[in-house]
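Before any comments, here is the structure.
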Amino acid sequence: MMKRTAKIVCTVIIAVTAITGVALASMGLFGEFAGIEKEKLEGYKYSRSGGIQGGSYSESVQEYSEDHALFTIIQHKWHRDDGTVKEYLVDKEILNELKAVFVKYHMEKWDNKKFTDRFIADGTSDSYRFEFETNHVSFSSQYYPEKYSSKLKELDEILNKYLENATILPGLLIHDTIKKSDYTQLYDLNSGKIILSVYSYHQKHLYYRLANGTDEEKKIDSVIRLYRDGESVPIYEKSSERQITLSAHRLYENSVKLNKLLAPGKYRFEGFGYETEFEIQ
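Okay, structure coming up:
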């Protein structure tokens, strides 16, 4: 009887150990991302950055409406370049196709993965990010071995396919008033003035800059309003009791998220007691 009891106990211990081992292995591989394949993919981004000049390029897809997604391409020639933006409206099915590739190759296992020991001084890195409802997966490398790069090409093929039939959206009109030198700044921090400008617009975000060209530190109220040209009722308004500190000869940059895309036309942007105009076309 004692031998039988010992045998049963031993069997139970082995079974529990095996189950625990499987559970721990499962947690190690999928614990953080368990069930992620059942979640909706809300956003995707590919970006290339680095290099001597610090330029960058990115392609991102974000959920926009029940039927459409925003496909945004941004390119910066150097680190402080404001960049050029092209934005498109595409069929929302693009997100399902991107997710299908993610699921097929179990890319949740690629999160923060080290793909190679190869290092290229001043080389660029290619980064990928998948935004799900409750979690995200991201990875980056200067070099992807063939068994990975061949899979990543499928993502590029999906983007290119949808871009062929995409509807280009109106964008921020940038007046070319800078010098030919690639490194000429679009703002003057010794102008003796404080200048407000809108420098980028994409994914319903309006990006603005305050350039303090004076010798004085300023504390200014955080009140922002956006108007269509010729109208007195703002289409966007936000205020905060917290003041911002604008240091002498420094920049303050931020953005506001709008409720919808801006229609073509001229706009007036008021912020922190200053104002500027811009055009969407």
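According to the numbering used here, the sequence shown is numbered sequentially starting from 7. The beta-carbon is built from N, C-alpha and C at its ideal position, and this holds for glycine as well. Bear in mind the structure is a predicted one, so any value in this text is a computation, not a measurement.
CA-CA distance, Ser53 and Gly219? In the sequence shown, counting from the first residue as 1, residue 53 sits at position 47. In the sequence shown, counting from the first residue as 1, residue 219 sits at position 213. Using only the alpha carbons, I get a separation of about 33 Å.
Beta-carbon spacing of Glu165, Val91 below 9 Å: Along the sequence shown, one-based indexing puts residue 165 at 159. Along the sequence shown, one-based indexing puts residue 91 at 85. Reading the sequence as shown, one finds Leu at residue 165 and not Glu. Result no, Cβ atoms of Leu165 and Val91 do not sit closer than 9 Å.
Could you tell me whether the Cβ atoms of Asn265 and Lys210 are closer together than 9 Å? Walking along the sequence shown from the start, residue 265 turns up at place 259. Walking along the sequence shown from the start, residue 210 turns up at place 204. In contact: Asn265 and Lys210 (Cβ atoms closer than 9 Å).
Only counting the same chain, and skipping five residues up and downstream in sequence, which positions put a Cβ closer than 8 Å to that of Ser131? Locating residue 131 in the sequence shown gives position 125, counting from the first residue. Within the same chain, Ser131 has close Cβ partners Arg54, Ser55, Gly56, Ser146, Ser147, Gln148.
To the nearest angstrom, how far is the alpha carbon of Lys244 from that of Gly277? Taking the first residue of the sequence shown as position 1, residue 244 is located at position 238. Taking the first residue of the sequence shown as position 1, residue 277 is located at position 271. Whole-angstrom Cα-Cα distance: 10 Å.
Quick check: what's the CA-CA separation for Val262 versus Asn171? Working through the sequence shown from its first residue, we reach residue 262 at position 256. Working through the sequence shown from its first residue, we reach residue 171 at position 165. The straight-line gap from Cα to Cα measures roughly 30 Å.
Going by DSSP in three states, Ser71 sits in which element: helix, strand or coil? The residue labelled residue 71 in the question sits at position 65 within the sequence shown. If DSSP states are grouped into helix, strand and coil, Ser71 belongs with coil.
Could you tell me which residues DSSP pairs with Asn218 in its beta bridges? As a working mapping, residue 218 is identified with position 212 in the sequence shown. Ile200.
Identify every run of the beta strand (DSSP E) within the stretch 135–161, keeping only runs that are complete inside it and at least 3 residues long; order them along the chain. 142–147
Secondary structure of Asn102, DSSP reduced to three states: Position 96 of the sequence shown holds residue 102. Note: Asn102 maps to helix in three-state DSSP.
Element boundaries [beta strand (DSSP E), containing Ile58]: Translated into the one-based positions of the sequence shown, residue 58 becomes position 52. Per DSSP, Ile58 belongs to no beta strand (DSSP E) and is neither H nor E.
Over what stretch of residues does the beta strand (DSSP E) that includes Leu252 continue unbroken? The sequence position of residue 252 within the sequence shown is 246, counting from 1. Counting along the chain, the beta strand (DSSP E) containing Leu252 begins and ends at 242–252.
Bridge partners - Thr78, DSSP secondary structure assignment: Taking the first residue of the sequence shown as position 1, residue 78 is located at position 72. Looking at the DSSP assignment, Thr78 forms a beta bridge with Ser66, Glu93.
Nearest by alpha-carbon distance to Asp97: which of Leu178, Ser71, Trp116 is it? The residue labelled residue 97 in the question sits at position 91 within the sequence shown. Ranking the options by Cα distance to Asp97, first place goes to Ser71.
For Leu165, three-class secondary structure by DSSP: For the purposes of this step, residue 165 is taken as the residue at position 159 of the sequence shown. If DSSP states are grouped into helix, strand and coil, Leu165 belongs with the helices.
On a Cα-Cα basis, can you pick out the residue from Ile201, His82, Glu139, Leu216 that is closest to Lys105? Translated into the one-based positions of the sequence shown, residue 105 becomes position 99. Checking every option, the nearest Cα to that of Lys105 belongs to Glu139.
Opposing strand residues paired with Lys224 [DSSP bridges]: In the sequence shown, the residue the question calls residue 224 occupies position 218. BP columns for Lys224 point to Leu252.
Within the continuous beta strand (DSSP E) that includes Asn260, where are the two ends? Numbered from its first residue, the sequence shown carries residue 260 at position 254. From DSSP, the beta strand (DSSP E) with Asn260 extends over 257–263.
Integer-rounded CB distance, given that Phe136 should sit under 8 Å from Tyr351: In the structure displayed, the chain extends from 7 to 287; residue 351 sits before or after that span and is not available.
Residues bridged to Phe275 by DSSP? Within the sequence shown, the letter at position 269 stands for residue 275. Paired residues: Leu232, Thr282.
Please list, in chain order, all residues of the same chain as Asp194 whose beta carbon is under 6 Å from its beta carbon, the five residues on each side excluded. For the purposes of this step, residue 194 is taken as residue 188 along the sequence shown, with counting starting at 1. Correct list, in chain order: Gly219.
Where does Lys110 fall in DSSP's three states? Indexing the sequence shown from 1 puts residue 110 at position 104. Reduced to three states, the DSSP call for Lys110 is helix.
Which of the three DSSP states, helix, strand or coil, is assigned to Glu43? In the sequence shown, the residue the question calls residue 43 occupies position 37. Reduced to three states, the DSSP call for Glu43 is helix.
How should Gly89 be labelled, buried or exposed, when 16 other C-beta atoms within 10 angstroms of its C-beta is the threshold for buried? Working through the sequence shown from its first residue, we reach residue 89 at position 83. That one is buried.
In or out: Phe275 buried (at least 16 other Cβ within 10 Å) or exposed? By one-based count along the sequence shown, residue 275 stands at place 269. Buried, since its Cβ has 16 or more Cβ neighbours within 10 Å.
Rounded separation between Thr282 and Ser228 - CA only: Residue 282 sits at position 276 when you count from the first residue of the sequence shown. Residue 228 sits at position 222 when you count from the first residue of the sequence shown. In a straight line, the C-alpha of Thr282 is about 16 Å away from that of Ser228.
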